[in-house]
Each structure stands twice: as structure tokens, then as C-alpha cells.
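Notes follow once the structure below has been shown.
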Amino acid sequence: MRAFNFLDKFDKIETNTMVIDKGLGYHYVEDFLKVCGDYFNFIKYGWGTSILYDDSIIKQKNEVYDSYDIKSYTGGTLFELANNAGKIDEFFAEADRLGFSAIEISDGSTVIPEDERREFIKQAKDLGFFTLSEIGKKNPEKDHEYTTEKRIELINKDLESGSDLVIIEGRESGKNIGIYDDKGNVMMDDLKEIVSNVPNNKIMWEAPNKNQQIDLILNIGNDVNIGNVNSNDVISLETLRRGLRGDTLGKV
Amino acid sequence: MRAFNFLDKFDKIETNTMVIDKGLGYHYVEDFLKVCGDYFNFIKYGWGTSILYDDSIIKQKNEVYDSYDIKSYTGGTLFELANNAGKIDEFFAEADRLGFSAIEISDGSTVIPEDERREFIKQAKDLGFFTLSEIGKKNPEKDHEYTTEKRIELINKDLESGSDLVIIEGRESGKNIGIYDDKGNVMMDDLKEIVSNVPNNKIMWEAPNKNQQIDLILNIGNDVNIGNVNSNDVISLETLRRGLRGDTLGKV
Amino acid sequence: MRAFNFLDKFDKIETNTMVIDKGLGYHYVEDFLKVCGDYFNFIKYGWGTSILYDDSIIKQKNEVYDSYDIKSYTGGTLFELANNAGKIDEFFAEADRLGFSAIEISDGSTVIPEDERREFIKQAKDLGFFTLSEIGKKNPEKDHEYTTEKRIELINKDLESGSDLVIIEGRESGKNIGIYDDKGNVMMDDLKEIVSNVPNNKIMWEAPNKNQQIDLILNIGNDVNIGNVNSNDVISLETLRRGLRGDTLGKV
Chain Z
0 MRAFNFLDKF
10 DKIETNTMVI
20 DKGLGYHYVE
30 DFLKVCGDYF
40 NFIKYGWGTS
50 ILYDDSIIKQ
60 KNEVYDSYDI
70 KSYTGGTLFE
80 LANNAGKIDE
90 FFAEADRLGF
100 SAIEISDGST
110 VIPEDERREF
120 IKQAKDLGFF
130 TLSEIGKKNP
140 EKDHEYTTEK
150 RIELINKDLE
160 SGSDLVIIEG
170 RESGKNIGIY
180 DDKGNVMMDD
190 LKEIVSNVPN
200 NKIMWEAPNK
210 NQQIDLILNI
220 GNDVNIGNVN
230 SNDVISLETL
240 RRGLRGDTLG
250 KV
Chain L
0 MRAFNFLDKF
10 DKIETNTMVI
20 DKGLGYHYVE
30 DFLKVCGDYF
40 NFIKYGWGTS
50 ILYDDSIIKQ
60 KNEVYDSYDI
70 KSYTGGTLFE
80 LANNAGKIDE
90 FFAEADRLGF
100 SAIEISDGST
110 VIPEDERREF
120 IKQAKDLGFF
130 TLSEIGKKNP
140 EKDHEYTTEK
150 RIELINKDLE
160 SGSDLVIIEG
170 RESGKNIGIY
180 DDKGNVMMDD
190 LKEIVSNVPN
200 NKIMWEAPNK
210 NQQIDLILNI
220 GNDVNIGNVN
230 SNDVISLETL
240 RRGLRGDTLG
250 KV
Chain P
0 MRAFNFLDKF
10 DKIETNTMVI
20 DKGLGYHYVE
30 DFLKVCGDYF
40 NFIKYGWGTS
50 ILYDDSIIKQ
60 KNEVYDSYDI
70 KSYTGGTLFE
80 LANNAGKIDE
90 FFAEADRLGF
100 SAIEISDGST
110 VIPEDERREF
120 IKQAKDLGFF
130 TLSEIGKKNP
140 EKDHEYTTEK
150 RIELINKDLE
160 SGSDLVIIEG
170 RESGKNIGIY
180 DDKGNVMMDD
190 LKEIVSNVPN
200 NKIMWEAPNK
210 NQQIDLILNI
220 GNDVNIGNVN
230 SNDVISLETL
240 RRGLRGDTLG
250 KV
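Protein chains in written order, with numbering that gives the first Met the number 0: chain Z, 0 to 251; chain L, 0 to 251; chain P, 0 to 251.
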């Protein structure tokens, strides 16, 4: 039973929230899901972290995430490494063996021709994975080469290719990348231009910092899709979505 | 038994320390209390977080906090939401049912007339709750409208109304609010003016950041009441209070 | 078994990594070691924290750290406090009783004559402890009095005295100290001058922040010794060392 259930704050918000797992212990995951397992539906094993520990822990974690209807996937960096090594078929098979139910296709650290990208998205879909694709470069200088128009074009192309959700790169830091300036503030003009030209329910904004989450909620809506949330901040984000925190109280 | 007990650092400091719980798992709480349960005596379930998870977890956590003589309460935001909904009696009853032993009365996100505030403090006291009241606005622009003189007046009025402890708002960030400038530095003139005009053992300073904790300890004393401490920083704060860390070693 | 083992990223890197324990619970430690226990070999109970909780927890934690071949020691601040109290023999005996296998000799918060420092290093070694010594002052103003030449001289003297590893102070914050400016950026000229004049495998750089870890890895090598790593960041650091994260992918 929920506490304080005489307050009218319980309508389920239809949205997507993605949390980063950068090496969480299994018992920690079990414990924190009891508190916040209803408030996110994607877990990303950040970048190449899932290579570094025993596969039995990955399988265990994926099972418990799955029991909360949380889709799991590895960071796109691992996909890119597999592609560089010419081992994409092995990559998809291994993701399946480990219990990952989603795949991220990205080119944040490497160069992948557009037609190959399109093929990878299709291949992941055909194999039954929920397929996310990411727009953005890890290196800020390279990322800044993308104009807003280019980002919009890339988003819409990915959706045409069959991507289920398109992620806008924000990294773990949320600074000097994508729609964020070097202090982590949202560049509102860029945000609004993108929002006007894409289907918003198909976009997931990586927004690790609270000020970014607030700006997205207040400008796009409390059902905006948000990713790269720290595991300690899931409940905080949900209170922002529902106006249960000063920053959004009375505004959502 | 304590380690290194030949060092003369074990006198209990009579003070109040308040920690934020923004959605901690039950087993995590059990585990971390074994390390630091002697070093704080208030736990605040931040803002409206306690609405979002099963009441059985709240009850369990309140019981284990209680076993360490740690008083629990919900963030004032939840009190304000209940007040807005005209459900204050239900709020107090529910807090009691869940095992909360303290109440925070605040107007950080809403407007509450002074006489109503006074009544709420009395009502909470009459119901047997340890009663904290908070001075400050969540919105920095509104908070800046308070002069230091006004803050002093409000503090003393709350104490006259029966408040057991008056909290000075610092938020989770500790920036651009109350006695903190936009970089989170303590504005010393403001601090000193308040300290000279209120009973210091009745004030709790929200001070989430280490530099703030150091400034408060070195300027007010190592028994200054400090709140909004991160659950990972309880032991760190206690070492600062006791001169067990470079920043205060030889100075307290 | 490791996941994604068709990728060629599994060669063990011969290096030293030191993590700070600033009051971790026992079960948390057990849980997180299953994920990252292979990727660090020193644990430091920061500054004077180990005084504050029951010695049975310290012994338990030291046993489980030991089972992963992770050497444990108390922060140098505790050594300095014992020295100030004239209780160095008691300090070494107590460290042994609690299962600490290493000792840090420092003068970050106090003044210790050079010949006494040399004696302490020898004494710790003779007692069978792995012996680390630290160069740097906790107080930034005092720390800035050290020229780079002086740091180099002190490092080499400590090594002559028998120190197994010399730590360059970076504090928990990594700002305005040692080789870091007040924003936490590495001062490259200072770094390079030190690196050219000392045996690098004998130096451990305290580098709590990701940008610092990246700069050290890209400038000194992926086997650079790094310390003051947050317990949440062990896996992240190892991905940086191996080129499994965008920042170092293709560069190590």
C-alpha cells in the first residue's frame, strides 16, 4: 500500500526513464528496486562496464530487472567495439545469452557509415531486441560539429530505419554536449527547435543532472523521456515529474 | 569496542545531525546504521519521496531508525501538499501510523499565513510529535526577498510558537539559498548576524557540502546543529566535528 | 566467466589502484567486491574515520578485503594524531590487531622532522607493513609552498628511506592541491616535470575525478598508479585504463 494515499498524486505517468548501472552489486540492486523499481523501465550497463565482471552477476541482475519489466542493455560503446572487431553477430548472440532485452546502436566513439547503421538497427529489431539508437559524439569537439538541423535529420532517419527510441547523447556528466552548454545548462533554443521537428514520445534525453531534468519536464512535459539517471536519483526524478518537489510543485 | 581507543577522541558531542533519505533501500539502511547510527539523530525522508513506495518499507525503516534513537519525519513539502489539499488531520494521522516521530512545518513552496503556521506548530506538538519548523523558500528569487533581519524575526517567532528546532533552508544543493551564495560559500556576515540574535542550540543549519560544514563548525562550534547531510557523509561530518580530519584538526 | 569474451580486452594490467572507504557498511563491501574486487589492490579508511565505529566491523571488512588481495590501511591523519599523542608504538600494534596490512606515513596536517619521518618509514617496514608515504599538505596555502623541485626531492628521499609507494596528495576533492588547479584540472607542466624525475611505478597519484584519471592515463600510461578512487568509480576507472570508454577508446 502507498503511504499518504489521500493525496491525489498516484496516477501512473506513461513515460520512459533510463538509469545507468556502472557496476552495481546484485544485492544493492535487489534492495533499491523494492523502493524505486516502478519508476524506470530501462537500465543501461554503461559503456563497456559489463565486460569486467562475472557473467553470472549480469544474468542475475538482468533477471531481477526483468521481474520489474525493466529492459536492460549494454552501452553503445560495447556495440562499437564489437563492430570494430568485426564481431557483430557474436555481440548480438552474447547479449541474448546474458539476458539483455534491448540493444543500443551508436557511433559516439567510432565512425559508422549511414547505411551500415540502418542495417544494424534492422538486424537488432529482427532478432527481437527493443532497439535504441543514439545521436551524438562522446568527444565534445566532434559533437559540436553537429548542427541542430543535422541532429533533427539524424533522429528522423533513425526512426525511419526502425529505431524504437532515439537517445540524445548527454554522457554521465551532462556538460558541453548535445543540448547542454559547458556548465550543464540546457540551451533552450536548440531544445525547442528539436522538439518542434521530431515525435517527442520517440526521443529519450540523457539528462543526468537535476536542473536538466527540471527544464525538460517544465518545457516538454512531465512525461518527457529521460535517461542517464543516477541510481540514487530515480525517486527524486519521479517526484519532479509529479510535482512532489519544490522545483515543479504546482507547475506540472 | 572502538578502534584506536588510546587516542582521546571519544567524548560524545551533544548536538543534532539530520540526514536526508531520498529513497534508501531497507537493507542499505540496516547496513550503514551499524557504521554511523550513533552520529545522527534525525532522518528526513526528503520532500515528497515517501509517497512513492510501499508503506511497509517506510515502517520497517522507521523502526530501525527508532532503534538507534533517530527521529524520522517527512520533508515539509509533503506537509504543504496536505495543507493545500485541506488534509492536515489526515496528514498527522498518517505520519503517526507510519511511525514518524517528528513533523516539519514549512512554507518553502507555498504561502501559509503566520497565524496558521503558529497553529500547525502547536497542533503537531499537542499530538506528541517532535516539531521542527523551517525558514526559507525553495525558489531562490523568493528566498532572497528575506532580509537577515526578517529571518531572525521568523526564527524567534517560531520558537515562541513552540517549535523544538528551527531549520534554516539550504536545500539538497546548498547553493544560492539562505546563507549560501551561488557557489555554495557561506556568507559570513549574514551567518554572524543571525548567530548573534538567536539561541544557537535551537537552530539547525542545512549544510549539505563539506566546506559549509567546516565553516559552521569553525565559526559556531563543533556542536553546531547540521542538517541535509548525505547518507554517505555522516562519518565524514563526525570526523570534522572531532578534529579527525585535516580541515579541523587542531582547531576544534 | 567474463561476458563478451570474444573481445580482446582481458589482459590484466599490472598497476596499483587505491579506493577510499569513508565508512562503508560491511554488506555493501561484500556486495561491491563481487563486481570490482579484481580492479583495486589498496583500500584506505580515509583520515580518522576508523576511530568512529566498532572494531569488529573493521576486522570483518579487512578480512574480506584481504580475501581479494586488497591491502588495507588507515588514512595518514590517524598516524599523525597518534604521533602527536606520543603513541606511535600503540598505533602500529593496534593497526596490526585490526588486520591492517599497510601503513601510511604522512605529514599533511602536522609537522614532522625529516629524520623522524625516515625513522617511521623504517619502523613500519620492519614491522612487516607495506609502507606508503604521502607528499603534500591538506591546507592548500601550505601545499602551494612546495615547488615542483621540492616535491621531486621529497619523493626520492622517501623512496631512499624504504617507502614502497609514494602518494601525491590530491584529497577527496582533487582541487587546488598538488598537481591540480582550483578547478581540478591537471597542471601538465608540473606533472611532466615530476614524471621525468622519479620512478613512475613507485608513485601513486591521488586522482578522485574522472578528468584527472583520463589525463594521467593518456599522459603516463594506462598502468599509472591511481588513488582516492570513489568506491562507485572502480569499474569506470578500469574501463578507462582498457579503452572501454569513449574518453580513452583507441588511445590506450
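For each residue, glycine too, the CB sits at the ideal point set by N, CA and C.
- Beta-bridge partners of residue 164 of chain P (DSSP): P:131.
- Within a 10 Å sphere around the beta-carbon of residue 26 of chain P sit 16 or more other beta-carbons, which makes this residue buried.
- Within chain Z, the residues 24 have their CB atoms less than 7 Å from the CB of residue 31 of chain P, given in chain order.
- Assigned with DSSP and collapsed to three states, residue 53 of chain P falls in strand.
- Taken through DSSP and simplified to helix, strand or coil, residue 150 of chain P comes out as helix.
- If you check the CB distance, residue 51 of chain P and residue 52 of chain L do not come in under 8 Å.
- Here the C-alpha atom of residue 206 of chain Z lies approximately 7 Å from the C-alpha atom of residue 228 of chain Z.
- Out of Z:31, Z:72, Z:92, Z:23, the CA that lies nearest to the CA of residue 29 of chain P is found in Z:23.
- Apart from sequence neighbours up to five positions away, the residues of its chain that approach residue 171 of chain P with a beta-carbon distance below 8 Å are 19, 21, 45, 207, 227, ordered along the chain.
- Note on the segment 30-75 of chain L: whole beta strand (DSSP E) runs with a minimum of 3 residues are 41-44, 70-73, in chain order.
- Identification of residues in the segment 137-150 of chain P having a C-beta nearer than 8 Å to some C-beta of chain L yields 137, 138, given in sequence order.
- Chain-order list of chain P residues neighbouring residue 14 of chain L: empty, with the shortest C-beta distance near 14 Å, by a criterion of under 8 Å.
- The three-state reading of DSSP puts residue 241 of chain L in coil, since its state is none of H, G, I, E or B.
- Residue pairing of residue 103 of chain L in beta bridges, as defined by DSSP: L:131.
- Under the Cβ distance rule, residue 182 of chain Z does not count among the residues neighbouring chain P, no pair being separated by less than 8 Å.
- For residue 135 of chain L, the closest C-alpha among the options L:56, L:152, L:92, L:11 is that of L:152.
- Neighbourhood of residue 84 of chain P in chain L, by CB distance below 8 Å: 5, 6, 7, in chain order.
- With a threshold of 8 Å between beta carbons, residue 251 of chain Z makes no contact with chain L.
- Counting only runs of 4+ residues, the alpha helix (DSSP H) found wholly inside the segment 168-246 of chain P occupies 187-194, 209-219, 233-240, in chain order.
- In terms of beta-carbon proximity, residue 235 of chain Z lines the interface with chain L, with at least one pair separated by less than 8 Å.
- Linking residue 80 of chain Z to residue 144 of chain L through their CA atoms gives a straight-line distance of about 54 Å.
- The C-beta of residue 123 of chain P has 16 or more other C-beta atoms within 10 Å across all chains shown, which makes the residue buried.
- At a C-beta separation below 8 Å, residue 0 of chain P has these neighbours in chain Z: 53, 54, 55.
- Taking 8 Å as the cut-off, the beta carbon of residue 54 of chain P is found no closer than this to the beta carbon of residue 100 of chain P.
- The contact set of residue 43 of chain P on chain L, defined by CB atoms closer than 9 Å, is empty, because the minimum CB distance reaches about 13 Å.
- In the DSSP assignment, residue 20 of chain Z falls within the unbroken beta strand (DSSP E) covering 16-20.
- Taking a Cβ-Cβ cut-off of 7 Å, the neighbours of residue 34 of chain L in chain P comprise 22, 24, 52, 56, given in sequence order.
- The segment 196-216 of chain P makes contact with the segment 159-170 of chain P; the number of CB pairs closer than 8 Å reaches 3 or more.
- Annotation for residue 177 of chain L: 135, 167, 168, 169 place their beta carbon closer than 6 Å to its own, counting only its chain and skipping 5 residues before and after.
- Taken in chain order, the members of the segment 220-246 of chain P whose beta-carbon sits within less than 9 Å of a beta-carbon on chain Z are 231, 232, 233, 234, 235, 237, 238, 241, 242, 243, 244, 245, 246.
- Under DSSP, residue 1 of chain L shares a beta bridge with P:53.
- Counting along the chain, residue 124 of chain L sits inside the alpha helix (DSSP H) bounded by residues 113-125.
- C-alpha of residue 197 of chain L to C-alpha of residue 186 of chain L: approximately 17 Å in a straight line.
- If you look at residue 89 of chain P, you'll find it in the alpha helix (DSSP H) that goes 87-96.
- Under the three-state reduction of DSSP, residue 84 of chain Z is assigned to coil, being neither helix nor strand.
- About 6 Å separates the CB atoms of residue 76 of chain L and residue 245 of chain Z; that is less than 8 Å, so the two are in contact.
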